[in-house]
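What follows is a set of notes on a single structure, which appears directly below.
Residue numbers (the numbering used here), protein chains in the order written: chain A, 1 to 120; chain B, 121 to 260.
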């Protein structure tokens, strides 16, 4: 029961998380799709997984909205690779999102509540 | 609207232009030689091919980027292609005597009304979009 509840909660929670992880990986530096995938699975400790197709689809939307852009560079083999990066407005959007939604967890009281196991 | 012109959309326009030219020429040719038994073939073929083109390229286009335009781009482009070709053929004297201008004019009028209604609905839907993409689908 507990596990099922946790799975269900996590499933809902993870929806919408992909954008944040994509943006964080691009803030880290220009990357092509495989590198973005690697970054996400490494730093999310495999809690966030993404299909290559959905990653491409998301990136196309962000490029269209001009919050992400790319430069084509030659890969080791085969066709050119698209190296994605955050544009200025993408970076600004990420910072706004972090300050409004993520930094809340930096509050002392909330931090304490997150780390405490007992109910006060 | 300019931002919503994708590769697949251009391919759709090219495809329907070819289909419309073939339709117009084949229909006029059959009418000129008065082959009444086969006259149903060009409009039927035209309807089927246009439907399949819209379905195929519309699906591909949506998979590429999920634009929320309730098909208005496709309706408008089909309208423009159809009447550009039809009026061009008429003024170039390539149509039969059974295709008077009034038929094209009436079709233009009726389709024009439908297109205007489509535009009104599209403008309502558009307010929920950011650069053509529905707000709720951007960060899904």
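By construction, the Cβ of each residue, glycine as well, lies at the ideal position given by its N, Cα and C atoms. The structure presented is a predicted model; accordingly, all values stated were derived computationally and were not measured.
Check: Rounded to whole angstroms, what is the Cα-Cα separation between residue 142 of chain B and residue 67 of chain A?; Outcome: 43 Å
Check: Does any C-beta atom of chain B lie closer than 8 Å to the C-beta of residue 16 of chain A?; Outcome: yes
Check: Indicate whether at least one CB of chain A lies closer than 8 Å to the CB of residue 251 of chain B.; Outcome: yes
Check: With 8 Å set as the bound, which would you pick, yes or no: does the beta-carbon of residue 82 of chain A sit closer than that to a beta-carbon of chain B?; Outcome: no
Check: When the Cα atoms are used, what is the spatial distance from residue 62 of chain A to residue 71 of chain A?; Outcome: 14 Å
Check: Check the C-beta distance from residue 162 of chain B over to residue 146 of chain B and give it rounded, since I have them as a contact under 8 Å.; Outcome: 4 Å
Check: If the cut-off is 7 Å on Cβ atoms, which residues from the stretch 158 to 182 of chain B count as contacting chain A, listed in chain order?; Outcome: none
Check: Along the chain, where does the alpha helix (DSSP H) containing residue 61 of chain A start, and where does it finish?; Outcome: 52 to 64
Check: Could you name the residues of the same chain whose beta carbon sits closer than 7 Å to that of residue 189 of chain B, not counting the 5 residues immediately before and after it, in chain order?; Outcome: 124, 242 and 252
Check: Tell me which residue opens and which closes the beta strand (DSSP E) that residue 84 of chain A is part of.; Outcome: 81 to 86
Check: Scan the stretch 60 to 73 of chain A for residues whose Cβ lies nearer than 7 Å to a Cβ of chain D and list them as they occur along the chain.; Outcome: Included in the structure are the protein chains A and B, with no chain D among them.
Check: Against chain B, does residue 19 of chain A count as a neighbour if the rule is that its beta carbon must be under 8 Å from one of theirs?; Outcome: yes
Check: Against residue 185 of chain B, what residues of chain A qualify as contacts under a CB-to-CB distance less than 8 Å, listed in chain order?; Outcome: 60, 61 and 64
Check: Closer than 8 Å by beta-carbon distance: list the chain A residues that pair up with residue 258 of chain B, in chain order.; Outcome: 61 and 65
Check: Between which two residues does the beta strand (DSSP E) holding residue 73 of chain A run?; Outcome: 68 to 73
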